[in-house]
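In my numbering, the protein residues as written are 551 to 755. All C-beta atoms in this analysis are idealised placements derived from N, C-alpha and C, irrespective of residue type, glycine included. Source: prediction; values computed, not measured. Here is the structure we will look at.
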């Protein structure tokens, strides 16, 4: 009898969540890469994420608040209302690519992302940062500092970071749309796989 009870306790401890748990909210705040520019919404990586979460019975719902063309300044302006309305337990920040493509000051990029992280954490939400790289249009110094900003922010704020969201996609003609900037439908599964290993412990935590 004691062995049976012990096995039950071990089994319960291994469960990543309790049955019937109220779903938490994953808020994705991004730009065209997450809004699904040039493809149907059903094909985008955020929709694929929601489908995977549902298929695995994880108690989460996914809210996609991404807007094509958005910058960190726009995300910072929109975030307070989103936090108040959606009350997310987990926020995925996928912003900054448009800042880099426009050559905006890196101090502004860093400051905006930092304030978004603080705002989300201030509500009790955990944050996952998706790192980006940009073409070397503005020279190697700007390009390298842009990419390094994400890892530095993650370390400073104690949050996880995907080193390069477009890893294995950027620069691959078969996975990019004609503009060479936006991933096509075939790339979306790879984008999800880039995020999933870092995200799944947060979903279970």
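Pick from 734, 741 and 752: whose alpha carbon is nearest that of residue 588? 734
Beta-carbon contacts of residue 704 that lie in its chain and below 7 angstroms, excluding the five residues immediately before and after: 679, 710 and 711
Could you check if residue 607 is buried or exposed, using at least 16 other CB atoms within 10 Å of its CB as the buried criterion? exposed
Going by other Cβ atoms of all chains shown within 10 Å of its Cβ, with 16 needed for buried, is residue 605 buried or exposed? exposed
Cα separation between residue 648 and residue 682? 10 angstroms
Burial state of residue 662, where buried means 16 or more other Cβ atoms lie within 10 Å: buried
Between residue 690 and residue 621, what straight-line distance do the alpha-carbon atoms span, to the nearest angstrom? 21 angstroms
Buried or exposed: where does residue 769 fall if 16 or more other Cβ atoms within 10 Å of its Cβ makes it buried? Residue 769 is absent from the model: the chain starts at 551 and stops at 755.
Strand pairing of residue 733, partner residues [DSSP]: 726
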